[in-house]
Amino acid sequence: MLLNSIEIKRKFEEALASEIRKSFSETITDLNAFSEEIHNSISTPRPEQGDLSSSICFALAKLAKKSPTAIAHEISSKLEADPEKEDFISRIKDENGYINLWLDEAKYSKHVLEAILSEKEKYGISRIGSGRKVIIEFPSVNPNKPWHIGHLRNALLGDSISRIFEANSYTVEREDYIDDLGLQMAEILWGRDKISDGNAKKYDTLLGEAYVEINKEITEKHAEKDINEILKRMEDTSSSESVEIRKISEKSVKAQYLTAFSYGIYHDVLIWESDIVREKLLKRAMDFLDEKKITQKCTEGKYAGCVIIADKEGSKHASTEEEDEESRKVLIRSNGVATYLAKDLAFHMWKLGIIDCSFNYSEFIVQPNGKEAYTSSEKGKPMNFGNADIAINIIGAAQQHPQNLLKRIFEEVTGEQRILHLSYGEVSVKGGTLSGRKGGWIGTTKSYTADSLLAEMEKMTFGIVSDAKKPRTDIDMKEVSHKVALAAIKFEFLKTDPEKKVLFEWDKALDLNSNSGPYCMYMYARASRILERAGIDKEDILLAEKDFKKITRGEDFTIIKQIGRMQETVEKACREYKPSIIAAYVMELSLIFSNFYEKMPVLSGEEYRNLRTGIVMAVKQALFNMLCLINIDTAERM
RNA sequence: GGACACGUGGUGUAACUUGGAUAGCACGGCGGCUUGCGGAGCCGUAGGUUGCGGGUUCAAAUCCCGUCGUGUCCGCCA
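Going letter by letter, the first sequence gives residues 2 to 639 in the working numbering.
What follows is the structure, encoded as structure tokens:
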């Protein structure tokens with residue numbers, strides 16, 4: 002039997018429910034409804050009050066018209082005396098109207114340690130998503146520039162969410178949408194003479210620099226009309242413009258993917274706007290909506306000649322004619338061109354398998370993880386992409402409004418909520434500018450690219466690693482400083498709740514003593530070294546009954562409880578789409594471990610050596626599993 | 001004008017979905033101890049009217065109403 006914090010809560014809940022059923026059958030008529038209340042009443046109290054606690058007696062007190070203290074005492078003494086009581090429970094006692102439960106340290110530790118040491122990297126996996134497919138779209142950056150730090154946050158979130166969903170047994174498809182027919186690419190095409198070639202620079206950077214120039218010139222020369230012409234011709238997928246811009250875009254996306262690879266971020270499939278147009282996905286979607294009478298063609302008023310859709314919550318008072326128009330959204334303009342919303346609707350209908358459209362796919366790029374990233378394309382073969390149960394979009398908070406609109410319309414069409422928008426806040430770097438360089442990808446604001454951020458961080462970590470007091474010959478300093486730099490950046494980006502803003506601070510990200518990626522890596526490396534010195538780093542450890550008996554109510558058992566909470570944490574991170582929950586878990590485990598080896602000698606102290614070595618091994622595994630979910634690599638030495 | 005997000009000690013934040021015991025953690029501050037299974041660590045300590053005001057409740061950081069502040073968004077654009 003797998004026994005972890007989820008199971009224990011469930012068993013405590015059952016015991017409470019059965020006791021309440023016996024003693025309060027007259028006061029509670031609907032125990033099924035009450036069982037949810039029991040479920041929600043359970044929490045983790047401070048350690049001196051036990052390992053689990055229920056406040057259910059306060060609710061009972063009202064119904065039974067007795068004091069909560071009396072009820073708690075009655076229930077807890079019956080549970081405590083129950084001969085059928087689960088053997089991993091050592092004590093149940095009431096206090097101030099709460100019912101508190103203590104675990105049997107030896108028995109619970111045995112369950113947890115044996116489970117993690119045998120299941121290894123599978124420990125903590127949940128089955129809640131089993132049999133369901135989810136498409137996660139990120140970061141969908143326009144191909145006219147390199148990734149900047151905002152795109153990086155998007156990609157790191159998308160990547161981590163993908164890992165978290167996989168850890169919950171979902172089938173995950175990592176998808177990237179490439180808008181090669183957008184305004185920005187039309188502008189690139191207009192000014193393609195400005196793109197220098199034969200340069201050693203990455204192509205996305207080259208385009209980004211050229212784009213700034215081109216954009217300026219367009220404004221100066223008032224060339225907006227030309228751009229519109231180009232845009233129109235690009236829509237015809239057989240035009241020379243369309244072919245050329247696809248070529249430029251592919252080259253640029255391949256350059257952007259070098260950035261992705263350096264951060265360990267991979268995709269399964271890229272879907273191109275030009276393929277969506279060629280496959281007439283939009284028309285299929287519009288026909289579908291028309292058939293279902295969800296859209297209508299406007300014949301008069303402000304939107305004469307447009308195909309529109311009602312946006313019911315768009316206006317609270319749709320009483321007058323004018324306000325009624327406010328509550329409508331245009332899908333097809335009077336000139337016949339589709340809006341962004343229409344395209345997005347169509348795309349999501351494909352994602353969720355509502356309309357039939359089978360793209361062809363070909364190989365786009367082989368990724369360093371050994372997996373091929375595929376791309377939609379004119380030639381190629383049909384493959385099994387799309388058709389998911391849930392679509393998750395990682396999109397910045399600035400697009401909250403259109404995303405809400407999309408979700409609302411979709412809910413109306415399908416009758417259920419299958420689109421999720423993971424919104425995230427802005428990123429800024431403390432100190433602002435990058436020394437000796439002019440970044441200018443977003444207007445006039447100086448900013449880091451994902452590449453320059455990593456390069457700068459690597460310089461710093463290399464300095465730290467090589468400046469160590471003792472000269473290092475046991476590690477590849479370049480490799481380690483690369484890993485530490487990545488850990489510093491990723492942890493800093495992911496430890497913050499998605500909707501909050503990130504202010505990136507170099508020294509905090511690198512702080513080896515607290516709340517940072519490198520700190521967690523450091524704890525892993527120390528665990529490794531302890532095991533190495535114990536001489537059992539490569540093999541399994543055998544723990545005997547007598548070892549488990551030596552567990553105390555100190556730091557050792559705190560670690561056991563934290564490890565027992567792993568699956569619960571993995572599920573919570575998935576339900577709430579928050580990698581920050583994983584980061585917090587890793588941070589807490591690192592802290593507890595740091596306390597543990599400070600106070601409980603592992604190698605000296607013969608009597609405890611076996612048990613504590615086992616705990617260190619479990620901590621190492623737990624750190625590894627959870628760091629993996631936020632895409633942080635561990636190092637045996639650093 | 002409307003919509004959404006955020007507001008918790010000096011700083012960064014947790015707990016808010018599902019109301020429960022003394023608002024948890026880290027950094028920084030102050031005092032003491034210690035030289036390590038690896039860059040210091042450990043122990044102690046100070047620091048909060050959870051933006052403000054009301055309401056519901058035996059119980060509110062949490063729910064409801066109002067209000068203030070900050071940010072973002074509101075086109076036949078993408």
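Where is the CB? At the ideal position from N, CA and C, for every residue including glycine.
Please report the residue range of the alpha helix (DSSP H) in which Lys562 lies.
-> 556-565
Does the Cβ of His318 have 16 or more other Cβ atoms within 10 Å, making it buried, or fewer, making it exposed?
-> Any reading at His318 must be qualified, since the residue scores a pLDDT of 34, below 50, and its modelled position is unreliable; no value is offered.
Taking 8 Å as the threshold, find out whether the region 74-82 comes into contact with the region 17-24 through three or more Cβ pairs.
-> yes
Looking at Tyr523 and Leu513, is the spacing between their C-beta atoms short of 7 Å?
-> yes
Alpha carbon to alpha carbon, how far is Glu242 from Arg334?
-> 23 Å
Could you give the residue range of the alpha helix (DSSP H) that holds Gln400?
-> Per DSSP, Gln400 belongs to no alpha helix (DSSP H) and is neither H nor E.
Quick one: is Ile341 buried, meaning 16 or more other Cβ sit within 10 Å of its Cβ, or exposed?
-> Sequence check: residue 341 is Tyr here, not Ile. Burial call: exposed.
Would you please state the rounded distance, in angstroms, between the beta carbons of Ile633 and Lys491? I believe it to be under 8 Å.
-> 6 Å
Would you list the residues sitting across from Thr450 in a DSSP beta bridge?
-> His149
How long is the line joining the alpha carbons of Ala398 and Leu407, rounded to whole angstroms?
-> 14 Å
Any idea if Pro147 is buried or exposed, counting beta-carbon neighbours within 10 angstroms, 16 or more meaning buried?
-> buried
Chain-order list of residues whose beta-carbon lies under 8 Å from that of Ser127 (same chain, five-residue window excluded) = Ala168, Asn169, Ser170, Gln568, Val571, Glu572, Cys575
Would DSSP call Gln297 helix, strand or coil?
-> strand
CB contact flag (Ala619, Ile531, <7 Å) | no
Local conformation of Val173 per DSSP, three classes | strand
Other residues of its chain near Glu176: CB distance less than 6 Å, five sequence neighbours each side excluded = Ile136, Glu138, Val270
Hey, how far is the Cα of Ala286 from the Cα of Asn385?
-> 20 Å
For the alpha helix (DSSP H) containing Thr220, list its first residue and its last residue.
-> 204-222
Would a C-beta distance cut-off of 7 Å place Phe505 and Ile560 closer than the cut-off?
-> no
Rounded C-alpha distance that separates Glu14 from Gly371 = 46 Å
Per DSSP, what kind of secondary structure is Leu624 in: helix, strand or coil?
-> helix
For the beta strand (DSSP E) that Leu332 lies in, which residues bound it at each end?
-> 329-333
Residue(s) in a DSSP beta bridge with Thr376 = Leu271, Ser363
In three-state terms, what does DSSP make of Lys94?
-> strand
To the nearest angstrom, report how far apart Ala584 and Met601 are at their CA atoms.
-> 25 Å
Per DSSP, which one or two residues make a beta bridge with Ile310?
-> Thr296, Lys330
Using DSSP with H/G/I as helix, E/B as strand and the rest coil, what is Ala305?
-> coil
N- and C-terminal bounds of the alpha helix (DSSP H) containing Phe59 = 57-65
Cutoff 7 Å; reference Tyr258; Cβ partners in own chain excluding five residues on either side = Ile366
Does the region 540-548 touch the region 87-102, meaning 3 or more C-beta pairs lie closer than 8 Å?
-> no
First through last residue of the alpha helix (DSSP H) which encompasses Tyr598 = 580-600
Environment of Glu174 [buried if 16+ CB atoms lie within 10 Å] = buried
Please look up how many angstroms separate the CB atoms of Glu493 and Ser424, rounded, as I've assumed it's under 8 Å.
-> Contact doesn't hold; Cβ gap of about 19 Å is too wide.
Residue burial classification, Asp198 (beta-carbon count within 10 angstroms, cutoff 16) = exposed
CB Gly381 to CB Trp351, shorter than 7 Å?
-> no
DSSP three-state assignment for Ile542, whether helix, strand or coil = coil
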